[in-house]
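> Quick one: structure below, then a few questions.
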Amino acid sequence: MIEIQITSINSIEVLETLAIKLHGEIQEQWGEHVLTFDNEIGKGTIRFVDFDWGVSLMDYNVHFEKGVKICYKTGKYNSIEFIFVSEGQLDYLSATDIKHTFERYQNVIISNKTDEPKAYVFPSKTVTKVNFIGLQPKEYALKKNHNLSYLSNNLLDVFDEKKVNKVYKHFGDFNLKIADRIRHLNENHESGIVRTLSIEGQLNLIMAMQILEQQNYEKGRVLPDSLSKDDIKKIHKLVAYIVDNIAEPISVGSLAEQVGFSTKKLQMGFRVLYDKSVNEYLRQLKLEIARDSICNTNATISEIVYKIGFRNRSYFSKIFFKHYGILPTEYRKKMLKNQRNK
Numbered sequence: 004m005i006e007i008q009i010t011s012i013n014s015i016e017v018l019e020t021l022a023i024k025l026h027g028e029i030q031e032q033w034g035e036h037v038l039t040f041d042n043e044i045g046k047g048t049i050r051f052v053d054f055d056w057g058v059s060l061m062d063y064n065v066h067f068e069k070g071v072k073i074c075y076k077t078g079k080y081n082s083i084e085f086i087f088v089s090e091g092q093l094d095y096l097s098a099t100d101i102k103h104t105f106e107r108y109q110n111v112i113i114s115n116k117t118d119e120p121k122a123y124v125f126p127s128k129t130v131t132k133v134n135f136i137g138l139q140p141k142e143y144a145l146k147k148n149h150n151l152s153y154l155s156n157n158l159l160d161v162f163d164e165k166k167v168n169k170v171y172k173h174f175g176d177f178n179l180k181i182a183d184r185i186r187h188l189n190e191n192h193e194s195g196i197v198r199t200l201s202i203e204g205q206l207n208l209i210m211a212m213q214i215l216e217q218q219n220y221e222k223g224r225v226l227p228d229s230l231s232k233d234d235i236k237k238i239h240k241l242v243a244y245i246v247d248n249i250a251e252p253i254s255v256g257s258l259a260e261q262v263g264f265s266t267k268k269l270q271m272g273f274r275v276l277y278d279k280s281v282n283e284y285l286r287q288l289k290l291e292i293a294r295d296s297i298c299n300t301n302a303t304i305s306e307i308v309y310k311i312g313f314r315n316r317s318y319f320s321k322i323f324f325k326h327y328g329i330l331p332t333e334y335r336k337k338m339l340k341n342q343r344n345k
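Sequential numbering of the sequence shown, starting at 4, is according to the numbering used here.
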């Protein structure tokens with residue numbers, strides 16, 4: 004694993020340290036500093052943008068060949084970080100806490116003690132896209148109409164100078180609306196002042212959405228476009244049920260009813276966990292089971308088709324060919340030939 008030590012509170016210096024360790028180059032345009040690298044360490048981009056009132060953005064779109072651990076030890080300095088992983092996952096470590104894994108689409112808000120070290124661990128051989136929106140409490144409190152009093156007490160304490168070492172950690176629900184808004188942020192193709200104003204506006208909106216999720220989470224409510232950790236567990240159990248009953252007729256409605264979800268919520272859950280609709284997931288699962296059966300059993304193609312719940316062999320052959328680029332019968336011949344040649 005590659006370990007990178009960060010000791011500066013200056014974001015440009017942080018980016019420069021990353022550039023040295025990752026053997027990358029930094030370019031600046033319209034106030035955005037973008038680090039790009041493509042070498043034996045991995046490839047990707049890391050962008051930093053700074054705004055007034057203590058708001059900043061650092062986003063990562065990276066793929067590392069080895070795990071990369073970025074360790075922060077910045078002394079008497081603190082900020083609130085609004086974190087959102089839109090692809091992959093990210094591990095988080097602090098001196099006074101156990102390891103936490105930030106999952107894809109999970110809303111995370113954290114603030115550490117001013118002198119507490121922390122680290123973020125990026126996995127190897129995985130695309131990781133994550134946004135860090137930094138907020139400096141002291142600077143933001145100087146802004147007109149900040150309306151900080153409307154924050155929940157736990158989060159409001161972080162802005163209180165008398166409670167400078169207040170620790171706050173929110174590992175919230177999974178939200179697709181925030182993911183969609185971040186996608187719009189990352190797909191900004193404007194330039195100059197239009198681009199800058201757009202990014203700043205998007206950051207404010209994303210923070211508002213993350214705070215709204217946090218407030219509802221603390222009140223025990225789940226937003227319509229969010230999934231709780233219990234919801235995720237239910238979907239995992241549902242997948243086990245699907246595997247055990249793969250030959251039976253399964254509809255989206257019956258699955259939703261089984262776990263007490265609306266069909267919309269169930270579809271959202273499968274998008275969060277598998278990046279597929281329920282029917283897309285079912286089709287792929289059936290094809291994977293069929294492929295393994297063709298390779299590892301003596302069952303006929305017709306028997307395998309029946310086993311996975313299809314009634315039309317020609318339709319099965321059509322979608323198998325579309326997915327794997329080979330007909331089921333030809334795939335079996337190929338596997339048998341490979342086994343004989345070993």
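All C-beta atoms, glycine included, are put in the ideal place defined by N, C-alpha and C. Since the model is a prediction, treat every value here as computed from it, not as a measurement.
Should the region 19-29 be called in touch with the region 75-93, which here means at least 3 C-beta pairs below 8 Å?
Cβ pair count under 8 Å is below three, so no.
> Rounded to whole angstroms, what is the Cα-Cα separation between leucine 154 and glutamine 218?
Rounded to whole angstroms, leucine 154 to glutamine 218 spans 8 Å at the Cα level.
> Determine the extent of the beta strand (DSSP E) in which asparagine 178 is found, giving its start and end residues.
Start and end: 171-178.
> Drop a sphere of 10 angstroms on the beta-carbon of aspartate 176, count the other beta-carbons inside from all chains shown, and report buried for 16 or more, exposed for fewer.
The residue in question, aspartate 176, is buried, as its Cβ has 16 or more Cβ neighbours within 10 Å.
> Cα separation between isoleucine 329 and alanine 302?
So the two alpha carbons sit approximately 19 Å from each other.
> I'd like the list of long-range same chain contacts for valine 262, defined as Cβ closer than 6 Å, with 5 residues on each side in sequence excluded.
Excluding positions up to five away in sequence, the list reads Lys237 and Leu241.
> At what residues does the alpha helix (DSSP H) containing histidine 1 begin and finish?
Past the boundaries of the shown model lies residue 1; the chain is included only from 4 to 345, so the question cannot be answered.
> Using a Cβ-Cβ cutoff of less than 8 Å, which residues in the same chain neighbour threonine 104 once the five nearest sequence positions on both sides are dropped?
Same-chain partners within the cutoff: Gln92, Leu93, Asp94 and Tyr95.
> Should alanine 250 go down as buried or exposed, given a rule of 16 or more other Cβ atoms within 10 Å for buried?
Result: exposed.
> Should glycine 47 go down as buried or exposed, given a rule of 16 or more other Cβ atoms within 10 Å for buried?
Buried, since its Cβ has 16 or more Cβ neighbours within 10 Å.
> Would you call glutamate 216 buried or exposed, if buried means 16 or more other Cβ atoms sit within 10 Å of its Cβ?
When all chains shown are included, glutamate 216 counts as buried.
> Among the residues of its own chain, which have a CB less than 7 Å from the CB of threonine 199, if the five just before and after it don't count?
Correct list, in chain order: Trp33 and Gly34.
> Grab me the residues of asparagine 282's own chain with a C-beta within less than 8 Å of its C-beta, minus the 5 sequence neighbours each way, in chain order.
Contacts found: Val255.
> By how many angstroms is the C-alpha of phenylalanine 273 removed from the C-alpha of tyrosine 220?
Cα to Cα, the separation comes out at about 21 Å.
> How big is the Cα-Cα spacing for proline 331 and aspartate 295?
Whole-angstrom Cα-Cα distance: 11 Å.
> Among the residues of its own chain, which have a CB less than 7 Å from the CB of isoleucine 307, if the five just before and after it don't count?
Hits under 7 Å: Ala293, Ser296 and Ile297.
> Would the beta-carbon of isoleucine 304 fall within 8 Å of that of arginine 314?
Contact: no.
> Use the C-beta contact count for glutamate 84: other C-beta atoms within 10 angstroms, 16 or more gives buried, fewer gives exposed.
Answer is buried; the Cβ neighbour count reaches 16.
> Taking glutamine 347 and serine 82 to be in contact with their CB atoms under 8 Å, please state how far apart those CB atoms are, rounded to whole angstroms.
In the structure displayed, the chain extends from 4 to 345; residue 347 sits before or after that span and is not available.
> When the Cα atoms are used, what is the spatial distance from isoleucine 7 to isoleucine 202?
Cα-Cα distance, rounded: 28 Å.
> Cutting at 7 Å between CB atoms, please list the residues of its own chain near lysine 128, excluding the five before and the five after it.
Contacts found: Glu68.
> Taking the continuous alpha helix (DSSP H) assigned at arginine 294, which residues delimit it?
281-299 is the extent of the alpha helix (DSSP H) around arginine 294.
> Any idea which residues DSSP pairs asparagine 13 with across the strands?
Its beta-bridge partners do not exist; DSSP assigns none.
> Taking the CB atoms as reference points, tell me whether valine 1 and leucine 206 lie closer together than 8 Å.
In the structure as shown, the chain begins at 4 and stops at 345. Residue 1 is therefore absent and cannot be evaluated.
> Only counting runs of 4 or more residues, tell me where the alpha helix (DSSP H) segments fall wholly within the region 57-91, in order along the chain.
Listed in chain order, there is nothing to give.
> Using the Cα positions of isoleucine 9 and alanine 98, report the straight-line distance between them to the nearest angstrom.
If you take the alpha carbons of isoleucine 9 and alanine 98, they lie about 15 Å apart.
> Return the Cβ separation of phenylalanine 323 and leucine 290 in integer angstroms, given the expectation that the two are a contact with Cβ distance under 8 Å.
Between leucine 290 and phenylalanine 323 the Cβ distance is about 6 Å, and since that is below 8 Å, they are a contact.
> What three-state label does DSSP hand aspartate 228 in the structure shown?
Of the three classes helix, strand and coil, the one that applies to aspartate 228 here is coil, per DSSP.
> Going by Cα to Cα distance, which pick from Lys340, Tyr277, Asn115 and Lys222 is closest to arginine 107?
Residue Tyr277 is the option with its Cα nearest to arginine 107.
> Can you say whether tyrosine 318 is buried or exposed, counting buried as having 16 or more other CB atoms within 10 angstroms of its CB?
Label assigned to tyrosine 318: exposed.
> Who does asparagine 110 pair with in a DSSP beta bridge?
Answer is Phe87.
> Mapping DSSP to helix, strand and coil, what is lysine 237?
Three-state DSSP puts lysine 237 in a helix.
> Here's the rule I'm using: 16 or more other beta-carbon atoms within 10 Å means buried, otherwise exposed. How should aspartate 234 be labelled?
With 16 or more other Cβ atoms within 10 Å, it is buried.
> Please list, in chain order, all residues of the same chain as aspartate 62 whose beta carbon is under 6 Å from its beta carbon, the five residues on each side excluded.
Closer than 6 Å at Cβ, skipping near neighbours: Arg50 and Asn134.
> Residues in its own chain within less than 7 Å of lysine 180 by CB, not counting five upstream and five downstream?
If we look at lysine 180 and ignore the five residues flanking it on each side, its Cβ neighbours are Met212 and Asp228.
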